[in-house]
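Q: Have a look at the structure that comes next, please.
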Amino acid sequence: MNETFGLFLENILPVNLVLIYSLGVLVSLVETDRVRPSLVKGVKFAFAILFAGIFGWVIVDSIGIEFEFLAAWVFFLVSLGAIIVLQYLGELKGDYYGMPKLFIFMPALLGFQWIILERNLVFTEMMVTAFANAIGFYIAFVLIATLKEQMRISEASDIFKLAPAILIGLGIAAMGVSGFLFLY
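The opening residue of the sequence shown carries number 443 in my numbering; numbering runs sequentially from there.
And the structure:
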């Protein structure tokens, strides 16, 4: 198997940086409602992750090693720009238990950009990693929406309709997906 394709499969879910730190999962739990609207909503969030990763890396790579101390500011501004675009598109409105929803997605974007920089990836590896993370986030976003809708319409007890049941379902799905690692 090609190493680039192996990197892609690895970053879709088993090593997805946005989902590993649970902030991407929290955004998905907060923002999803039903499956059909989540199909379009997930694309918006996936593109935000993709373009934040690409633009942040390209800008920091172009400013050079002597100005690397500006990387945190560049990542913050790129993440803020992605969130402003998402808000313009009608997402991340309101709050979640008193915290504005934009503060839930900001650390996921910042962390993703920073970890891409820390891995010292060349351009093609960065593109594959960013693309795979965006696709993996979209898959998880739709999966969480599906789980929430199934729990809402099920006849199970109310205790099984809470967020921990969704997280357990995601954990089981992640164990199945980790089987990609044997392919390369």
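Here a beta-carbon is modelled for each residue, glycine too, at the ideal position from N, C-alpha and C. This one's a predicted model, so the numbers in the text were calculated from it and none came from an experiment.
By how many angstroms is the C-alpha of Gly536 removed from the C-alpha of Ile496?
A: If you number the sequence shown from 1, residue 496 lands on position 54. If you number the sequence shown from 1, residue 536 lands on position 94. Cα to Cα, the separation comes out at about 28 Å.
Q: Can you find the residues in the same chain that come closer than 7 Å, C-beta to C-beta, to Leu563, ignoring five residues on each side of it along the sequence?
A: Reading the sequence shown from its first residue, position 121 is the one you call residue 563. Thr571, listed in sequence order.
Q: So Tyr580 is in the alpha helix (DSSP H); what residue range does that whole segment cover?
A: Translated into positions along the sequence shown, residue 580 becomes position 138. It spans Phe565 to Ile595 - the alpha helix (DSSP H) in which Tyr580 sits, taken as one unbroken run.
Q: Would you be able to state if there are at least three C-beta pairs under 8 Å between the stretch 504-518 and the stretch 552-563?
A: Yes, since at least three Cβ pairs between the stretch 552-563 and the stretch 504-518 fall closer than 8 Å, the two stretches touch.
Q: Helix or strand or just coil, what does DSSP make of Asp475?
A: Position 33 of the sequence shown, counted from the first residue, corresponds to residue 475. Secondary structure at Asp475: coil, using DSSP grouped into helix, strand and coil.
Q: Under the DSSP definition of a beta bridge, which residues are partnered with Tyr538?
A: Translated into the one-based positions of the sequence shown, residue 538 becomes position 96. The partner list for Tyr538 (beta bridge, DSSP) reads Met541.
Q: Spell out whether any CB of chain D is found under 7 Å from the CB atom of Thr446.
A: Looking at the structure shown, chain D is missing, and only one protein chain is on hand.
Q: To the nearest angstrom, report how far apart Leu604 and Ile610 are at their CA atoms.
A: Stepping through the sequence shown from its first residue, residue 604 is reached at position 162. Stepping through the sequence shown from its first residue, residue 610 is reached at position 168. Rounded to the nearest whole angstrom, the C-alpha separation of Leu604 and Ile610 is 11 Å.
Q: Quick check on the burial criterion: 16 or more other C-beta atoms within 10 angstroms. Buried or exposed for Ile491?
A: Numbered from its first residue, the sequence shown carries residue 491 at position 49. Answer is buried; the Cβ neighbour count reaches 16.
Q: Report buried or exposed for Asn575, applying the criterion of at least 16 other Cβ atoms within 10 angstroms of its Cβ.
A: By one-based count along the sequence shown, residue 575 stands at place 133. Asn575 should be labelled buried.
Q: Checking 7 Å against the spacing of the C-beta atoms, do Val469 and Phe545 come in under that value?
A: Taking the first residue of the sequence shown as position 1, residue 469 is located at position 27. Taking the first residue of the sequence shown as position 1, residue 545 is located at position 103. Contact: no.
Q: Just mark Glu597 as buried or exposed, buried being the case when its beta carbon has 16 or more other beta carbons within 10 Å.
A: Here residue 597 is taken as the residue at index 155 of the sequence shown, counted from 1. Per the 10 Å Cβ criterion, exposed.
Q: So, for Glu452: in the same chain, excluding its five sequence neighbours on each side, which residues have a beta-carbon less than 6 Å away from its beta-carbon?
A: Here residue 452 refers to the residue found at position 10 when the sequence shown is read from its first residue. There are no such residues.
Q: Alpha carbon to alpha carbon, what distance is there between Leu471 and Gly540?
A: Counted from its first residue, the sequence shown places residue 540 at position 98. Counted from its first residue, the sequence shown places residue 471 at position 29. C-alpha separation (whole angstroms): 16 Å.
Q: At what residues does the alpha helix (DSSP H) containing Ala642 begin and finish?
A: Outside the displayed range of the chain (443 to 626) lies residue 642, so it cannot be described from this structure.
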